[in-house]
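Student:
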Amino acid sequence: MKKIVCIGDSNTWGYDPRGYGGGRYPAEVRWTALLDHFPEWWIVNLGENGREIPHSAFALRILGQQLAALGPFDGICVMLGANDLLCGASPAAAAARMEDLLDRLDAYGVPLLLIAPPQFCHGTLVADERLIHASARLTGLYRALAQDRGLAFADAGKWDIPLAYDDVHFTEEGHAKFAERAQEAFIQAFGT
Numbered sequence: 766m767k768k769i770v771c772i773g774d775s776n777t778w779g780y781d782p783r784g785y786g787g788g789r790y791p792a793e794v795r796w797t798a799l800l801d802h803f804p805e806w807w808i809v810n811l812g813e814n815g816r817e818i819p820h821s822a823f824a825l826r827i828l829g830q831q832l833a834a835l836g837p838f839d840g841i842c843v844m845l846g847a848n849d850l851l852c853g854a855s856p857a858a859a860a861a862r863m864e865d866l867l868d869r870l871d872a873y874g875v876p877l878l879l880i881a882p883p884q885f886c887h888g889t890l891v892a893d894e895r896l897i898h899a900s901a902r903l904t905g906l907y908r909a910l911a912q913d914r915g916l917a918f919a920d921a922g923k924w925d926i927p928l929a930y931d932d933v934h935f936t937e938e939g940h941a942k943f944a945e946r947a948q949e950a951f952i953q954a955f956g957t
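So the sequence shown is numbered by this note's numbering: it starts at 766 and just counts up by one.
1) Along the chain, which unbroken stretches of the beta strand (DSSP E) at least 3 residues long are found entirely within the stretch 819 to 854?
2) Using only alpha-carbon positions, find the residue among Ala911, Met863 and Ile808 that is nearest to Leu845.
3) Extract the residue ranges of the alpha helix (DSSP H) inside the stretch 875 to 932, only unbroken runs of 4 or more that lie entirely within it.
4) Can you check which of these residues, Pro856, Leu870 and Glu945, is closest to Arg908 by C-alpha distance?
5) How about Ala860 and Leu916: are their beta carbons less than 8 Å apart?
6) With a threshold of 16 other CB atoms inside 10 Å of the CB of Tyr790, please say whether the residue is buried or exposed.
7) If the criterion is Cβ atoms closer than 8 Å, does the pair Gly959 and Gly779 meet it?
8) Judging by CA-CA distance, which residue of Asp920, Gly786, Gly853 and Val875 is the nearest neighbour of Ile769?
9) Decide if Pro804 is buried, meaning its Cβ has at least 16 other Cβ atoms within 10 Å, or exposed.
10) Considering Cα atoms alone, identify which of Pro882, Glu938, Ala950 and Gly788 is closest to Ala847.
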């Protein structure tokens, strides 16, 4: 069994936008828990609501402490960048943050899987057309970054993930579909 750490934001954490103030889907709904049912992997969910790509000294130190507490592990999956765009970072700035993070994660000497988040659609949290274009641009930058580094890459924007009313967070069906598609990417990145 391979221990895989999934670093992400609210869609990795399992945020449920249906309740007032939000909540968390039950473990059996979250995509990370669904992948954990496979005997090949032990999935560790390191998702956090609102998490941007760690780039400040504080955020990098916290992530380093989290990973140190979880070690050893056999692989890392990263799906971040949506909150960076929502907080005003350009696609180029988010990609530069990701490149720095990947440099740091390389030090762990384990396979890395970079997943580009599903692209934004018009919804409650995304009303600006520029954000939709920015998320599409980020996907292309991530693809190039993964190719340049020889990393496994997956484009969740091609997975047609069902989103909640806010057009940002996964529905229960979205988590199931994400897990199904991510399984293929995990096999390619981490083996069985």
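Every residue gets a Cβ at the ideal spot worked out from N, C-alpha and C, and that includes glycine.
Tutor: Let's see:
1) 840 to 844
2) Met863
3) 894 to 914
4) Pro856
5) no
6) buried
7) Because the chain here runs from 766 to 957, residue 959 falls outside it and cannot be looked at.
8) Val875
9) exposed
10) Pro882
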